[in-house]
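If you read the protein sequences in the order shown, they are chains A and B. No gaps in the numbering here: position 200 of the first sequence is 200 in the UniProt record's numbering, and each next residue is one more. No gaps in the numbering here: position 56 of the second sequence is 56 in the UniProt record's numbering, and each next residue is one more. To keep things clear, I will list the structure first and then write my remarks on it.
Protein chains: 2
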Amino acid sequence: MTRVHCAQPAPRVADLPHNRELSVSAVRGAAARGADVIVLPELVTSGYRLSSVAEAASVALTPDDPLFAEWGRAAPDSVVVGGFCERGAGGRLHNSAAVLDRGELVAAYRKTHLWDEEKLLFTPGSAAPPVLDTSRGRIGVLICYDLEFPELTRKLALEGADLLAVPTNWPLVPRPAGERPPEVVIAMAAARVNGVAIACCDRAGTERGTRWTEGSAVIDHEGWVRAEADESGCAEADLDLAASRTKRRTAHADLFADRRPELY
Amino acid sequence: MTRVHCAQPAPRVADLPHNRELSVSAVRGAAARGADVIVLPELVTSGYRLSSVAEAASVALTPDDPLFAEWGRAAPDSVVVGGFCERGAGGRLHNSAAVLDRGELVAAYRKTHLWDEEKLLFTPGSAAPPVLDTSRGRIGVLICYDLEFPELTRKLALEGADLLAVPTNWPLVPRPAGERPPEVVIAMAAARVNGVAIACCDRAGTERGTRWTEGSAVIDHEGWVRAEADESGCAEADLDLAASRTKRRTAHADLFADRRPELY
Numbered sequence: 001m002t003r004v005h006c007a008q009p010a011p012r013v014a015d016l017p018h019n020r021e022l023s024v025s026a027v028r029g030a031a032a033r034g035a036d037v038i039v040l041p042e043l044v045t046s047g048y049r050l051s052s053v054a055e056a057a058s059v060a061l062t063p064d065d066p067l068f069a070e071w072g073r074a075a076p077d078s079v080v081v082g083g084f085c086e087r088g089a090g091g092r093l094h095n096s097a098a099v100l101d102r103g104e105l106v107a108a109y110r111k112t113h114l115w116d117e118e119k120l121l122f123t124p125g126s127a128a129p130p131v132l133d134t135s136r137g138r139i140g141v142l143i144c145y146d147l148e149f150p151e152l153t154r155k156l157a158l159e160g161a162d163l164l165a166v167p168t169n170w171p172l173v174p175r176p177a178g179e180r181p182p183e184v185v186i187a188m189a190a191a192r193v194n195g196v197a198i199a200c201c202d203r204a205g206t207e208r209g210t211r212w213t214e215g216s217a218v219i220d221h222e223g224w225v226r227a228e229a230d231e232s233g234c235a236e237a238d239l240d241l242a243a244s245r246t247k248r249r250t251a252h253a254d255l256f257a258d259r260r261p262e263l264y
Numbered sequence: 001m002t003r004v005h006c007a008q009p010a011p012r013v014a015d016l017p018h019n020r021e022l023s024v025s026a027v028r029g030a031a032a033r034g035a036d037v038i039v040l041p042e043l044v045t046s047g048y049r050l051s052s053v054a055e056a057a058s059v060a061l062t063p064d065d066p067l068f069a070e071w072g073r074a075a076p077d078s079v080v081v082g083g084f085c086e087r088g089a090g091g092r093l094h095n096s097a098a099v100l101d102r103g104e105l106v107a108a109y110r111k112t113h114l115w116d117e118e119k120l121l122f123t124p125g126s127a128a129p130p131v132l133d134t135s136r137g138r139i140g141v142l143i144c145y146d147l148e149f150p151e152l153t154r155k156l157a158l159e160g161a162d163l164l165a166v167p168t169n170w171p172l173v174p175r176p177a178g179e180r181p182p183e184v185v186i187a188m189a190a191a192r193v194n195g196v197a198i199a200c201c202d203r204a205g206t207e208r209g210t211r212w213t214e215g216s217a218v219i220d221h222e223g224w225v226r227a228e229a230d231e232s233g234c235a236e237a238d239l240d241l242a243a244s245r246t247k248r249r250t251a252h253a254d255l256f257a258d259r260r261p262e263l264y
């Protein structure tokens, strides 16, 4: 079994020292609980409601920033996936996710589907997200709105992902009484139709008037929510990631073999 | 507003006269309630648990069968979508859906994704499902398992569907307490990420040991269930189908324009 842990803290906007401490502490806490895979929110180092390119640039990091090595030291036996504001070539800013495996940075993915006013701050990634062969399984990385493009979840599943790790910041939106957040419904469906586990790590708090859904969820390969954020702000479940490797559902049904790619 | 009605009867397997009466009665009842779009279950004329090709052939129909004209007469001002066992060229059998608009047959779609043992009876369709410009809006037609292929729901939405009409037969599968049927979760997500309404019409009863989910649902373009089957066996809601025609969600977010097709 693989212990998948989403830590859902409340970063402070544009406060790098605070968020550094907050994120390292969250990673350390998860590692102490035996987490194999630790997911942090989108933009956990910078906060989300950055008011200008200048403010975002003031808290932008490169993937070789010592902060990521700190995450690695805090969980030296785990995979860690967390969001940050990235400073790229020519000073361009990206909404990115760093991935560490056993203390080493193994990838930095730039969000390819920017939501709303993110387009005023960030340059979208030019490459599809990776599926990484880590010490804890094959992990695909998406960031927030990326998850709402079924082409992309399908692509990562077809490339062999066991688990999709999804740093998110979900602004709270209206929903009918008794319903799950719409983003969780989308994740459940993506998990079920692709036979892949999904861990979405949302954030907490209110930032410059924006409330967050606090909807972190660990979802199994059949699409069922196995853990939601509790009062401690964590969602954690032990998943059988090997179950993501068969797409056969009955003697004659197979989620992938039954596709008709010539028709779409 | 468009009144969308799913009628969820319990057909009898291989009993064409019974199912003829049942389906015509369901269509007439829906029309009397002012339904603009009426969806019947998959294979409503034949039943589902057909035990052999010979038995399926004994209740197979061609699209010019008088039964469909009866559906048309029962709802002369509506669109009707319902499933049937189709006899095609060379005696091949198909799991199909007939579509009538104002009494006239306008399409017969052959299911392209056959579930499990359906593969032992039916030949899958060789053409993607249509989006039909009907008197009641642009309607895409899928059958049951088709809905679980996000490539296909996306395709029909991109082709301009306002509503997906989905005759289904959902065998009852286990689900955690308090959860919706997994197929409904998949439909909700497909509706939300594509901004398209979806009407899934399931069936009732038990047939040769198979229980059905009785999970008919009318879902709006934001992915929320607006009606589920009640004790009368109907799910009916008035939907604003014009709302499916804009994919813009905020000043800078658009479900379709935000796609990155070059990446997938």
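We treat Cβ as the ideally placed atom computed from N, Cα and C, and that holds for glycine. None of the values given here were measured: they were computed from a predicted structure.
Taking C-alpha atoms, which residue in B:L120, B:A235, B:E86, B:P124 lies nearest to B:A108?
Position 108 of the second sequence holds residue 108 of chain B. Closest option to B:A108, Cα to Cα, is B:E86.
For A:R248, count neighbouring C-beta atoms within 10 Å of its own C-beta (all shown protein chains included) and say buried if the count is 16 or more, exposed if not.
On the first sequence, position 248 is the one that residue 248 of chain A refers to. Its Cβ having fewer than 16 others within 10 Å, A:R248 is exposed.
Listing by chain order, which chain B residues have their CB less than 7 Å from the CB of A:E117?
Locating residue 117 of chain A in the first sequence gives position 117, where the first residue counts as 1. Ordered by position in chain B, the residues that pass the 7 Å Cβ test against A:E117 are H252.
Going along the chain, which residues of the segment 203–225 of chain B sit with their C-beta nearer than 7 Å to a C-beta in chain A?
G223, W224
Between which two residues does the beta strand (DSSP E) harbouring A:N95 extend?
The residue labelled residue 95 of chain A in the question sits at position 95 within the first sequence. Run containing A:N95: 93–101, per the beta strand (DSSP E) assignment.
Grab the span of the beta strand (DSSP E) containing A:V131 for me, first residue to last.
Counting from one through the first sequence, the residue named residue 131 of chain A turns up at place 131. 131–134 is the span of the beta strand (DSSP E), which, as asked, contains A:V131.
Given that B:V193 touches chain A, what residues does it touch there, using C-beta distances under 8 Å?
One-based indexing of the second sequence puts residue 193 of chain B at position 193. Residues of chain A passing the Cβ test: E148, F149, P150, I186.
Kindly indicate the opening and closing residues of the alpha helix (DSSP H) around B:F84.
Counting from one through the second sequence, the residue named residue 84 of chain B turns up at place 84. Segment 79–87 is the beta strand (DSSP E) holding B:F84; no alpha helix (DSSP H) there.
So that I know if they touch, is there some Cβ in chain A lying closer than 9 Å to that of B:P130?
By one-based count along the second sequence, residue 130 of chain B stands at place 130. No, because no Cβ of chain A sits closer than 9 Å to the Cβ of B:P130.
How about B:H113: is its C-beta nearer than 9 Å to some C-beta of chain A?
Locating residue 113 of chain B in the second sequence gives position 113, where the first residue counts as 1. Yes, its Cβ sits closer than 9 Å to a Cβ of chain A.
Chain-ordered chain B contacts of A:K155 [CB-CB under 9 Å]
Position 155 of the first sequence holds residue 155 of chain A. Within chain B, the residues near A:K155 are L263, Y264.
In terms of alpha-carbon separation, which member of A:A190, A:V59, A:A197 lies closest to B:E148?
Numbered from its first residue, the second sequence carries residue 148 of chain B at position 148. Ranking the options by Cα distance to B:E148, first place goes to A:A190.
Please work out which residues of its chain come closer than 7 Å, Cβ to Cβ, to A:A204, disregarding the five sequence neighbours upstream and downstream, and give them in chain order.
Taking the first sequence and counting its residues from 1, the one referred to as residue 204 of chain A is at position 204. If we look at A:A204 and ignore the five residues flanking it on each side, its Cβ neighbours are Q8, P9, A10, W212, E214, G233.
Just to make sure I have the definition right: I need the residues of chain B whose C-beta is within less than 7 Å of the C-beta of A:D258. Which are they?
As a position in the first sequence, residue 258 of chain A is number 258, starting the count at 1. Neighbours of A:D258 on chain B, chain order: H113.
If you scan the segment 184–260 of chain B from start to end, which runs of the beta strand (DSSP E) of 3 or more residues do you find wholly inside it?
197–201, 217–219, 225–228, 234–239, 248–250
Within a Cβ cutoff of 7 Å, which residues of the same chain sit near A:G137, ignoring the five residues on either side of it in sequence?
Within the first sequence, residue 137 of chain A is the residue found at index 137, counting from 1. Hits under 7 Å: T2, D162, L163, L241.
Quick one, which of A:G82, A:A57, A:V59, A:E117 has its alpha-carbon nearest B:A251's?
Walking along the second sequence from the start, residue 251 of chain B turns up at place 251. Checking every option, the nearest Cα to that of B:A251 belongs to A:E117.
Test: B:P11 CB closer than 9 Å to a CB of chain A:
Within the second sequence, residue 11 of chain B is the residue found at index 11, counting from 1. Not one chain A Cβ lies under 9 Å of B:P11.
Own chain, CB closer than 7 Å to A:R175, minus 5 neighbours either side, in chain order
Here residue 175 of chain A is taken as the residue at index 175 of the first sequence, counted from 1. Contacts found: P181, P182.
Neighbour list for B:P182 in chain A, Cβ cutoff strictly below 9 Å:
If you number the second sequence from 1, residue 182 of chain B lands on position 182. Near B:P182 (Cβ distances below 9 Å), the residues of chain A are M188, A189, R192, E222, G223, W224.
Indicate whether at least one CB of chain A lies closer than 9 Å to the CB of B:L22.
Taking the second sequence and counting its residues from 1, the one referred to as residue 22 of chain B is at position 22. No, its Cβ sits nowhere closer than 9 Å to a Cβ of chain A.
Distance between B:E179 and A:E228 (C-alpha atoms, nearest Å)
As a first step, residue 228 of chain A is located in the first sequence; it is residue number 228 there, counting from the start. As a first step, residue 179 of chain B is located in the second sequence; it is residue number 179 there, counting from the start. Spanning the two alpha carbons is a distance of roughly 14 Å.
Classify residue 271 of chain A as helix, strand or coil using the three-state DSSP reduction.
The requested residue 271 of chain A does not occur in the structure, where chain A is confined to residues 1 to 264.
Please compile the residues from chain A whose C-beta is within a distance smaller than 8 Å of the C-beta of B:L42.
For the purposes of this step, residue 42 of chain B is identified with residue 42 of the second sequence, where counting begins at 1. Going by the sequence as given, residue 42 of chain B is Glu instead of Leu. Going along chain A, no residue has its Cβ under 8 Å from B:E42, so there is no contact; the nearest lies around 15 Å.
Cβ atoms of B:V131 and B:G160: under 9 Å apart, would you say?
The residue you call residue 160 of chain B lines up with position 160 of the second sequence. The residue you call residue 131 of chain B lines up with position 131 of the second sequence. Cβ distance < 9 Å, so B:G160 and B:V131 count as in contact.
Tell me, to the nearest whole angstrom, how far the beta carbon of B:C144 is from that of B:E55; I am working on the premise that it is less than 8 Å.
Mapped onto the second sequence, residue 144 of chain B falls at position 144. Mapped onto the second sequence, residue 55 of chain B falls at position 55. That belief does not hold up - the Cβ atoms of B:C144 and B:E55 are roughly 20 Å apart, past 8 Å.
Counting only Cβ pairs nearer than 9 Å, list the residues of chain A close to B:E231.
The residue given as residue 231 of chain B occupies position 231 in the second sequence. Simply none; closest approach about 20 Å.
From the DSSP output, read off the bridge partner residues of B:C6.
Counted from its first residue, the second sequence places residue 6 of chain B at position 6. Beta-bridge pairing links B:C6 to B:V39, B:A235.
Here's a check: name, in chain order, each residue in its chain whose Cβ is nearer than 6 Å to the Cβ of A:G72, leaving out the five neighbours to either side.
Within the first sequence, numbered from 1, the residue matching residue 72 of chain A stands at position 72. Same-chain partners within the cutoff: L100, G103.
Would you report the Cα separation of B:R260 and A:V80, rounded to the nearest angstrom?
Taking the first residue of the second sequence as position 1, residue 260 of chain B is located at position 260. Taking the first residue of the first sequence as position 1, residue 80 of chain A is located at position 80. In a straight line, the C-alpha of B:R260 is about 27 Å away from that of A:V80.
What would DSSP say about A:E104, mapped onto helix, strand or coil?
The residue given as residue 104 of chain A occupies position 104 in the first sequence. It is a strand residue.
Using the three-state DSSP reduction, which class does A:A165 fall into: helix, strand or coil?
Taking the first sequence and counting its residues from 1, the one referred to as residue 165 of chain A is at position 165. Here A:A165 sits in strand by DSSP.
With distances taken Cα to Cα, identify the nearest neighbour of B:T210 among B:L93, B:A74, B:L172.
Against the second sequence, residue 210 of chain B aligns to sequence position 210. Measuring from the Cα of B:T210, the nearest candidate turns out to be B:L172.
Quick one: is B:R33 buried, meaning 16 or more other Cβ sit within 10 Å of its Cβ, or exposed?
Working through the second sequence from its first residue, we reach residue 33 of chain B at position 33. So B:R33 counts as exposed.
From the DSSP output, which residues share a beta bridge with A:R110?
Taking the first sequence and counting its residues from 1, one reaches residue 110 of chain A at position 110. A:S96.
On the CB-based measure, 16 or more other CB atoms within 10 Å of its CB, does B:T206 come out buried or exposed?
Walking along the second sequence from the start, residue 206 of chain B turns up at place 206. By the 10 Å Cβ count, B:T206 comes out exposed.
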